[in-house]
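Note sheet for the following structure.
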Amino acid sequence: MRAVLLTVLVSACASPGASSPFDVQAQSDPSPATAGASITWALDVTRTDDGAAVEGAELTVTPWMPAMGHGLSDVVLVTEVGGGSYEAACTFSMSGSWELQVHVAADGDEGDDVVIVEIE
Amino acid sequence: MWAALLIALASPAWAGSCCGGSTPLLPAHVDRTESALFGMTADVSFGLARSDPSGRVRPLSIQEQGLTWTGLVGWRWDPKGQISLTVPWVINHRASESLSSWAAQPGDVRVTALWEPLLESRAYGHETGAPVPALAIGVRAPTGRPWSASEDPLGADITGGRDVGLSASLVAQRTTDDIPWSLSIGAEVGVGTGEVTPALHAGGGVGGLLAERWTLAGSLSFEQSWARSTTGWTPSSHTGAQLQATYSVFRHYRVWASVGADLPALGREHTLEGHTVLGVAWVR
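As they're listed, the protein sequences go chains A and B.
With the working numbering as the guide, the letters of the first sequence map in order to residues 1 to 120.
With the working numbering as the guide, the letters of the second sequence map in order to residues 1 to 284.
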């Protein structure tokens, strides 16, 4: 349970999400997420105003390590699972606190959200 | 003899491999009685652990080892002025449970100028012991491979930063005493990528004669840097300690060895590394 809590942090603490029409939650597989391993992120996208699941969205996921000022050079591929759920896979080159910066475009709306994750 | 010590007194805190190196004050210091220095160091590094944002020490998921060859050139063109050039070549190995990789790349080249406006003996004399000021100004060129050009999932090929580093340090030192010492405080800003990344650093060292032809020096250093993120400025810091022994083979040759490590006490969000350095230099 503790590991899940570490990796499921909503975007309320991140400024881009405050005005975004979308909310993104992320959960890692495996959990906890470790550096040097391929991590699959289950991303659940909902509308901020009514909590409805967002289907058919275009997601761009950018991992970013704030303390070091760098990201990952690889492009993160995102696939839709259905029911407002998406999957993104990447390998982190360092342990520490990372951001998953998620840009969402759906139904004519666009917004950014940030999920902070701890990579072991 | 003291010239060899001065390199150790100005030793840096070790920086993580992803950050393009740390901020050495003057890695190829030329003494007042010398005009030039040519040398090379071999720095074997290994990741020990990491400190998380709260300062707790955590195990590394990726094992890290590195060997950095650095060419050193120092030139004193004037009794009050000298310049130092370092050219590194970095070999990194990374291994996780499922991946392993290594890479060899150039690192970031540094040029540093040191201006000592007051000659120690003339300004104060040996008797007073008053600190002598100096000013160091440096440039780090992004000749290494930055993270954005990395092709390795473990980042083994990352050997430099994306930006140009501009640094300035104020130094207080006594270099001709029986126990020479040096203190410095300075800043570096990374520019050229559209965002400015600041860092502050402070360090100090003290040395002495260990035996005939042998000197011993110890140094401590601290660096605090900030990087921009979506939630504001995110800090990271590291503290390094180093002990260096130097043997003067002949008048114009010297070799040195040092061991050092990052100290976890003041480290935040950083990989803690251990280092063993061997160096050789010819001076004239």
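In this text, a Cβ means the ideal position worked out from N, Cα and C, and glycines have one as well.
- Counting the other CB atoms within 10 Å of its CB gives HIS201 (chain B) a total of 16 or more, which places it among the buried residues.
- Taking all protein chains in view, the Cβ of ILE179 (chain B) is surrounded by fewer than 16 other Cβ atoms within 10 Å, so the residue is classified as exposed.
- Annotated as distal: LYS80 (chain B) and PRO53 (chain B), with beta-carbon spacing of 8 angstroms or more.
- The alpha carbon of VAL196 (chain B) has as its nearest neighbour, out of A:ILE116, A:GLY69, A:VAL102, A:GLY82, the alpha carbon of A:GLY69.
- When the beta-carbon positions are compared, VAL283 (chain B) and VAL255 (chain B) stay at least 8 angstroms from each other.
- At least one C-beta of chain A is nearer than 8 angstroms to the C-beta of ARG50 (chain B).
- Interface annotation for the segment 83-97 of chain A against chain B: CYS90, THR91, PHE92, SER93, MET94, SER95, GLY96, SER97, criterion Cβ-Cβ distance under 9 angstroms.
- The CB of SER20 (chain A) never comes closer than 7 angstroms to any CB in chain B; the least such distance is about 12 angstroms.
- For ALA106 (chain A), none of the residues of chain B pass the 7 angstroms Cβ criterion, the least Cβ distance being about 21 angstroms.
- Per DSSP, the unbroken beta strand (DSSP E) holding SER38 (chain A) starts and ends at 38-47.
- In the structure shown, SER101 (chain B) adopts extended strand secondary structure according to DSSP, grouped into three states.
- Among the residues of chain A, those whose CB is under 8 angstroms from the CB of GLY155 (chain B) are SER93, MET94, following chain order.
- In this structure the segment 107-117 of chain B touches the segment 85-97 of chain B; the number of beta carbon pairs closer than 8 angstroms is three or more.
- The residues VAL44, VAL259, in chain order, have a CB closer than 7 angstroms to that of THR276 (chain B) in the same chain once the five nearest residues on each side in sequence are set aside.
- A distance of 8 angstroms or more separates the beta carbons of PHE46 (chain B) and LEU72 (chain B).
- Only those residues of the segment 261-283 of chain B whose C-beta falls short of 7 angstroms from the nearest C-beta of chain A are listed: GLU269.
- In the pairwise beta carbon analysis, the segment 49-69 of chain A is classified as touching the segment 218-236 of chain B: at least three pairs are separated by under 8 angstroms.
- Beta-carbon to beta-carbon, VAL115 (chain A) and LEU100 (chain A) are separated by about 4 angstroms, close enough to satisfy the 8 angstroms threshold.
- In this structure, TRP69 (chain B) sits away from ALA28 (chain B), with a CB-CB distance that is not shorter than 8 angstroms.
- In the DSSP assignment, SER258 (chain B) falls within the beta strand (DSSP E) that extends over 253-268.
- Interface with chain A (8 angstroms Cβ-Cβ cutoff): ALA187 (chain B) is excluded.
- The C-beta separation of ALA57 (chain A) from VAL104 (chain A) comes to about 5 angstroms, placing the pair in contact by the 8 angstroms criterion.
- DSSP, read as helix, strand or coil, puts THR159 (chain B) in coil.
- When secondary structure is reduced to three states using DSSP, GLU118 (chain A) falls in the strand class.
- Rounded to the nearest whole angstrom, the CA to CA distance from GLY205 (chain B) to GLY218 (chain B) is 6 angstroms.
- Where HIS93 (chain B) is concerned, the enclosing beta strand (DSSP E) starts and stops at 81-95.
- As the crow flies, the alpha-carbon of LEU266 (chain B) is around 9 angstroms from that of GLY240 (chain B).
- Look at ALA33 (chain A) here: in three-state DSSP terms it is coil, with no helix or strand label.
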